[in-house]
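Everything on this sheet refers to the single structure shown next.
Residue numbers (full-length UniProt numbering): 1 to 141.
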């Protein structure tokens, strides 16, 4: 029987202004990371299932009256979303996928010792301006 880790994230749902455009970013990234798309109507959803520790990310169309608003990273709310990578090579491979798909890269893969000793990450953005990250940071959470 798998053990549930109390306090871990169960799911995250994001409102997006253009569902197909957002799906073109999140789909390849999440599938690269091992998620499986489980829903593709009235929004999209991908699930990650591993050793009883799962997570789900969903995309929902936003209220059409608010579709013209871009994400404001420094306003109240979510600043950015980061996923774990298995290695630096994993981060580099995702960067190649981002470039090949024309996904906007904010900062290419680099070492960020100011975050932790071995922090290595790539930063990119979804169509609404949400900052996203894939990081390899062994020994840090």
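Backbone N, C-alpha and C define an ideal beta-carbon position, used for all residues, glycine too.
What whole-angstrom Cβ distance do residue i and residue j have, given they're in contact under 8 Å?
| i | j | result |
| --- | --- | --- |
| residue 134 | residue 83 | 5 Å |
| residue 11 | residue 55 | 7 Å |
| residue 17 | residue 128 | 5 Å |
To which residues of the same chain is residue i closer than 6 Å at the C-beta, ignoring the five residues directly before and after it?
| i | result |
| --- | --- |
| residue 98 | 105 and 124 |
| residue 130 | 71 |
| residue 1 | Model confidence at residue 1 stands at a pLDDT of 47, short of 50, so the residue's coordinates are unreliable; what they give is reported in the following sentence. Within the same chain, residue 1 has no close Cβ partners at all. |
| residue 73 | 79 and 131 |
Could you check what DSSP says for residue i in three-state terms: helix, strand or coil?
| i | result |
| --- | --- |
| residue 14 | strand |
| residue 1 | With a pLDDT of 47 at residue 1, under the threshold of 50, the modelled position of this residue cannot be trusted; read the value that follows with caution. Residue 1: coil per DSSP, three-state reduction. |
| residue 158 | No answer is possible for residue 158: the residues shown for the chain start at 1 and end at 141. |
| residue 88 | helix |
| residue 76 | coil |
| residue 67 | coil |
In terms of DSSP beta bridges, what is residue i paired with?
| i | result |
| --- | --- |
| residue 136 | 120 |
| residue 37 | 46 |
| residue 107 | 123 |
| residue 54 | 49 |
Starting from the C-beta of residue i, find all residues in its chain whose C-beta is less than 8 Å away, skip the five residues before and the five after it, and write them out in chain order.
| i | result |
| --- | --- |
| residue 91 | 85, 109, 120, 121, 122, 134, 135 and 136 |
| residue 37 | 27, 30, 31, 44, 45 and 46 |
Rounded to the nearest angstrom, what separates residue i and residue j at their Cα positions?
| i | j | result |
| --- | --- | --- |
| residue 43 | residue 93 | 28 Å |
| residue 115 | residue 80 | 15 Å |
| residue 14 | residue 23 | 11 Å |
| residue 139 | residue 9 | 20 Å |
Who are the near neighbours of residue i in its chain, counting only those whose CB is closer than 7 Å to its CB and skipping five residues on each side?
| i | result |
| --- | --- |
| residue 103 | 25 and 124 |
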